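Worksheet for the structure shown next.
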Amino acid sequence: MGKKLYFGSNLKMYKTIAQTIEYLKKLTELTKDISRDEEITLFIIPSYTSLEDASREIDHRLCLLGAQNMCWEEEGQFTGEISPLMLNEIGMDLVMIGHSERRHVFRETDIEENRKVRCVLEHGMRALLCIGETGEQKEYGISPEVLRTQLKVGFHGIDPSYADRIWVAYEPVWSIGVNGTPASADYAEEMHGVMKECLREIFGEAGDRIPCLYGGSVNPGNARELISMKSIDGLFVGRSAWQADKFDVLIRDALSAARATGK
Ligand code: PGA
Numbered sequence: 328m329g330k331k332l333y334f335g336s337n338l339k340m341y342k343t344i345a346q347t348i349e350y351l352k353k354l355t356e357l358t359k360d361i362s363r364d365e366e367i368t369l370f371i372i373p374s375y376t377s378l379e380d381a382s383r384e385i386d387h388r389l390c391l392l393g394a395q396n397m398c399w400e401e402e403g404q405f406t407g408e409i410s411p412l413m414l415n416e417i418g419m420d421l422v423m424i425g426h427s428e429r430r431h432v433f434r435e436t437d438i439e440e441n442r443k444v445r446c447v448l449e450h451g452m453r454a455l456l457c458i459g460e461t462g463e464q465k466e467y468g469i470s471p472e473v474l475r476t477q478l479k480v481g482f483h484g485i486d487p488s489y490a491d492r493i494w495v496a497y498e499p500v501w502s503i504g505v506n507g508t509p510a511s512a513d514y515a516e517e518m519h520g521v522m523k524e525c526l527r528e529i530f531g532e533a534g535d536r537i538p539c540l541y542g543g544s545v546n547p548g549n550a551r552e553l554i555s556m557k558s559i560d561g562l563f564v565g566r567s568a569w570q571a572d573k574f575d576v577l578i579r580d581a582l583s584a585a586r587a588t589g590k
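Residues in the sequence shown are numbered consecutively from 328, following this note's numbering.
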């Protein structure tokens, strides 16, 4: 049996509560025969308003649920923010921090992401830190430096004992969304190699256990090749995951491709 692979989706600012519940029910029903102990970890990150209902209605063993963002404080004068206590209260399994849209549309910095990641971990949830270089940074040939900076600042001061609750998603900014170009599997693998080495520098041996997922225009045409790469531990999918039946097919295809390569 190969290692467990990660498949998840961020629903961004799409789907109402009713649509989210319908999607989650269909997805868990379709995929329930795939072993969560040995084959996959499945996770979905819906919008805030759907989280409470989703958490109550969905079997968390089949699908972990996450929030798209979180404040670094438990309470206070932070209008419009959501606290870790509020996410704990509704049973969140994970929190995504530093998605490219948070960094580039809402101007979040690495230092803010670090405060958020620490807060997520201190409150017992898993932290999924998203990192990735812009197209311009890639042009300048500084992608490894950018990724290393995002990891080193993002995980600054975090004890290696937390490593088992840390996940990383590599999502190059130029690859995300309708105008994105997917990264080639070779390029993604090269960057994942940089990340894995850096995680080992930060956390020592515990860093080897941190799953690194690729995201950015993952689709039925490239999922198999990407997941077959040695250093890619999972796929973080946007648009190609938002119909449950299509995501189910993508997961099964990717899983069988990875297993065929001995992964
Ligand atoms: P995409 O989104 O797959 O639609 O490019 C990826 C993401 O933003 O996580």
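From the three backbone atoms N, C-alpha and C, an ideal C-beta is built for every residue, glycine too. Being a predicted model, the structure only gives us computed values, none of them experimental.
Could you check where the beta strand (DSSP E) with residue i kicks off and where it finishes?
i: Arg475; result: Careful: Arg475 lies outside any beta strand (DSSP E), inside the alpha helix (DSSP H) at Ser470 to Gly481.
i: Gly393; result: Leu391 to Ala394
Based on the DSSP secondary-structure assignment, which residues constitute the bridge partners of residue i?
i: Ala454; result: Val422 and Ile493
i: Thr368; result: Tyr333
i: Phe563; result: Gly335 and Gly542
Pick out whichever of the options has its Cα sitting closest to the Cα of residue i.
i: Asp575; options: Ile348, Asp360, Thr376 and Lys330; result: Asp360
i: Asn415; options: His426, Arg429 and Glu449; result: Glu449
i: Ile417; options: Leu392, Tyr467 and Arg429; result: Leu392
i: Lys573; options: Asp486, Tyr514, Leu357 and Pro373; result: Leu357
i: Gly561; options: Gly548, Gln570 and Ile537; result: Ile537
i: Met419; options: Gly425, Thr376 and Glu440; result: Thr376
i: Thr508; options: Tyr467, Ser544 and Met522; result: Ser544
i: Lys331; options: Thr588, Glu366 and Asp491; result: Glu366
i: Ala584; options: Gly534, Glu466, Arg551 and Ile578; result: Arg551
i: Gly481; options: Gly520, Met423, Thr461 and Glu463; result: Met423
i: Gly534; options: Pro487, Leu582 and Ile503; result: Pro487
Measuring only from the beta carbon, is residue i closer than 8 angstroms to any heavy atom that is part of the ligand GDP?
i: Ser567; result: The ligand content of the structure shown is limited to the ligand PGA, which means the ligand GDP is not among them.
Provide the residue span of the alpha helix (DSSP H) that contains residue i, from first to last.
i: Ala510; result: Per DSSP, Ala510 belongs to no alpha helix (DSSP H) and is neither H nor E.
i: Glu349; result: Ile344 to Thr358
i: Cys446; result: Asp437 to Glu449
i: Met413; result: Pro411 to Glu416
i: Gly462; result: Gly462 to Glu466
i: Arg586; result: Ala571 to Ala587
i: Arg429; result: Ser427 to His431
Excluding five sequence neighbours on each side, which residues of the same chain lie with their C-beta closer than 6 angstroms to the C-beta of residue i?
i: Asn546; result: Ser567
i: Met556; result: Ala512 and Glu516
i: Gly542; result: Ala496, Glu498 and Phe563
Whose C-beta lies closer than 7 angstroms to the C-beta of residue i among residues of the same chain, with five residues either side of it excluded?
i: Ala381; result: Thr347, Ile348, Leu351, Pro373 and Leu392
i: Ile385; result: Leu351, Thr355 and Leu392
Within 9 angstroms (strictly less), CB to CB, does residue i reach chain C?
i: Leu332; result: Absent from the structure is chain C; it holds one protein chain and no more.
By Cβ distance below 8 angstroms, which residues in the same chain neighbour residue i in space, the five residues on each side in sequence not counted?
i: Arg445; result: Trp399, Gly484 and Ile485
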